[in-house]
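Working notes for the structure below.
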Amino acid sequence: GQQVMQIPQYQHVQEGEDFTTYCNSSTTLSNIQWYKQRPGGHPVFLIQLVKSGEVKKQKRLTFQFGEAKKNSSLHITATQTTDVGTYFCAGPSGTYKYIFGTGTRLKVLA
Amino acid sequence: EPEVTQTPSHQVTQMGQEVILRCVPISNHLYFYWYRQILGQKVEFLVSFYNNEISEKSEIFDDQFSVERPDGSNFTLKIRSTKLEDSAMYFCASSLIGMAGELFFGEGSRLTVL
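First to last, the protein sequences are chains A and B. With our numbering applied, the first sequence closes on residue 330, and no number is skipped along the way. With our numbering applied, the second sequence closes on residue 129, and no number is skipped along the way.
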């Protein structure tokens with residue numbers, strides 16, 4: 221079945237450093253979503269990308285969708301302690317299902 | 016801001032007991048989902064529900080699981096005979112549109128099976 225993998229699994233950064241997580245799907249995706257889950261919390265939607273090669277920015281966060289629509293990345297510039305959490309990508313599978321990636325847990329050291 | 020609400024927030028049960036987890040999706044949403052997350056692991060799809068019937072279900076969603084929308088607001092997940100490995104956080108989610116819509120998650124119901 222379809223698999224969505226993310227690397228790295230964990231990342232510890234010093235506050236102010238940059239962070240990137242990569243998402244790879246075994247199949248081509250019509251769109252990809254990104255979610256953030258704070259420790260002890262629930263996933264919260266960040267963004268959706270639809271077009272091949274699309275780049276979107278939200279303040280310090282930059283999201284990219286690969287040309288082949290099988291991979292995506294999330295880059296955070298100058299991390300802050302509020303960025304702590306697990307970042308998941310999610311891609312549609314079938315008609316009514318989103319498959320979540322394995323997640324990247326980010327820890328920011330002050 | 017509208018939100019998805021889930022009850023209970025935590026349930027402890029004995030193995031073999033039946034459990035019902037309840038969710039109130041956002042009122043104008045049409046698509047409903049259950050996901051689960053074993054501690055520290057990824058968010059796993061269980062089932063999607065649209066137009067009063069199951070749309071898709073995963074391999075995890077076997078005969079022990081069922082979902083229901085008994086009235087216009089509640090969406091429930093029933094586990095008939097719980098196993099130790101059912102211990103997890105169960106998230107309900109809803110979306111306004113299907114495969115291009117943002118999923119709104121509830122805060123989750125933590126199930127502990129002893």
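Just so it is clear, CB atoms sit at the ideal spot from N, CA and C, and this is done for glycine as well.
Legend: CB atoms of the stretch 238 to 260 of chain A lying less than 9 Å from CB atoms of chain B belong to residues Ser-250, Asn-251, Gln-253, Tyr-255 and Gln-257. By the neighbour-count criterion, in which a residue is buried when 16 or more other Cβ atoms sit within 10 angstroms of its Cβ, Gln-253 (chain A) is buried. In this structure, Phe-120 (chain B) keeps its C-beta atom at 7 Å or more from the C-beta atom of Pro-40 (chain B). With a contact defined as Cβ atoms closer than 8 Å, Ser-24 (chain B) and Ser-124 (chain B) qualify at about 6 Å. Contact with chain B is found for Lys-317 (chain A), since one of that chain's Cβ atoms lies less than 7 Å from the residue's Cβ.
Contact annotation: Gly-273 (chain A) and Glu-287 (chain A) have beta-carbon atoms nearer than 7 Å.
Rounded to the nearest whole angstrom, the C-alpha separation of Asn-66 (chain B) and Glu-83 (chain B) is 11 Å.
Linking Val-264 (chain A) to Gly-31 (chain B) through their CA atoms gives a straight-line distance of about 33 Å. In this structure, Gly-261 (chain A) and Lys-57 (chain B) do not form a Cβ contact; the two beta carbons are roughly 15 Å apart against a cut-off of 8 Å.
Looking at the backbone, the Cα of Gly-113 (chain B) and that of Ser-70 (chain B) are separated by about 11 Å. Residues Gln-253, Ala-310, Gly-311 and Pro-312 of the same chain have their beta carbon placed closer than 8 Å to that of Tyr-318 (chain A), with the five preceding and five following residues left out of the count. The beta carbons of Cys-38 (chain B) and Gln-21 (chain B) sit closer together than 7 Å. Rounded to whole angstroms, the gap between the alpha carbons of Gln-52 (chain B) and Lys-256 (chain A) is 14 Å. Interface with chain A (7 Å Cβ-Cβ cutoff): Glu-33 (chain B) is excluded. Glu-33 (chain B) sits in coil when the DSSP states are folded into three classes, being neither helix nor strand.
As for any alpha helix (DSSP H) of minimum length 4 sitting wholly inside the stretch 29 to 97 of chain B, there is none. For Pro-259 (chain A), there is no enclosing beta strand (DSSP E), as DSSP gives it neither H nor E. Beta-bridge partners of Gly-305 (chain A) (DSSP): A:Leu-326. Among the CB atoms of chain A, none fall inside 7 Å of the CB of Ser-24 (chain B). The three-state reading of DSSP puts Leu-99 (chain B) in helix, counting H, G and I together. For Thr-324 (chain A), no CB of chain B lies under 7 Å from its own CB, so it is not counted at the interface with that chain. Under the criterion of beta carbons closer than 8 Å, Glu-235 (chain A) and Ala-330 (chain A) qualify as touching, at roughly 5 Å. Here the alpha carbon of Lys-290 (chain A) sits roughly 6 Å from the alpha carbon of Leu-249 (chain A).
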